[in-house]
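Here is the structure we will look at, set down as structure tokens.
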Amino acid sequence: MSRLFSLAGLLRVRAIQERQAAQELSRAVIDANQTRARDRHLRAALAATESDAVDVRTLASLAAARVASRSMLVDLESLSTQQQEAVDAAQSAHDDARRAVRGLDRLAVAHEMRLRVEDLRVEQHELDEIALRRGSGGTE
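Last residue of the sequence shown? That's 253 in the numbering used here, and every number before it is there in order.
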């Protein structure tokens with residue numbers, strides 16, 4: 114039995130891929146959270162805006178500001194939807210990468226256990242040989 118785990122290189126590659134997938138997931142979540150924070154901030158700013166129009170120009174500028182704000186909200190909602198899709202895709206990629214690492218890790222643990230069992234079997238065989246030699250050596 115080979116002492117080296119034949120898939121050790123692949124396990125290292127999969128572990129690197131899993132870490133990269135985790136980083137991408139983290140970035141996607143951070144981006145989505147920042148977009149949600151901008152959305153909340155914009156909505157709070159809109160709610161706090163006073164709408165006391167004293168003349169036509171003020172009323173026109175308030176209307177233009179509201180239209181621009183609504184447009185920004187629509188853009189933020191669209192961006193938020195795209196980012197949530199990116200988070201979902203990154204989560205799925207991370208889950209797949211983690212599953213691949215776990216599968217290979219289980220194989221590595223099983224390989225290590227087989228090696229340990231083989232080492233113990235060889236050691237026991239050597240101890241039995243020593244015991245037999247001592248037992249037969251004393252009767253001669």
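In this text, a Cβ means the ideal position worked out from N, Cα and C, and glycines have one as well.
Check	Outcome
Pairing CB atoms from the region 136–146 with CB atoms from the region 235–244, are three or more of them under 8 Å?	no
Sorted by chain position, which residues of the same chain lie with C-beta nearer than 8 Å to Ser193's C-beta, five sequence neighbours on each side aside?	Ala145, Thr148, Arg149 and Asp152
What are the start and end residues of the alpha helix (DSSP H) that includes Asp144?	Ala121 to Ala161
Please state the DSSP three-state secondary structure of Leu117.	coil
Mind the definition here: the region 124–136 touches the region 203–213 only if three or more C-beta pairs lie below 8 Å; say whether that holds.	yes
Which of helix, strand or coil does DSSP assign to Asp168?	coil
Pull up the CB-CB distance for Arg155 and Leu186, whole angstroms please, since I reckon it's below 8 Å.	Just to set this straight, residue 155 is Leu in the shown sequence, not Arg. That pair is a contact at about 6 Å.
Kindly list the residues whose CB is nearer than 7 Å to the CB of Leu217, restricted to its own chain and excluding five residues on each side of it in sequence; keep chain order.	Leu120, Leu123, Leu124 and Arg127
In chain order, what residues of the same chain have a beta carbon less than 7 Å from the beta carbon of Gln204, not counting five sequence neighbours either side?	Leu138
Is Ser184 near Leu159, with beta carbons less than 7 Å apart?	no
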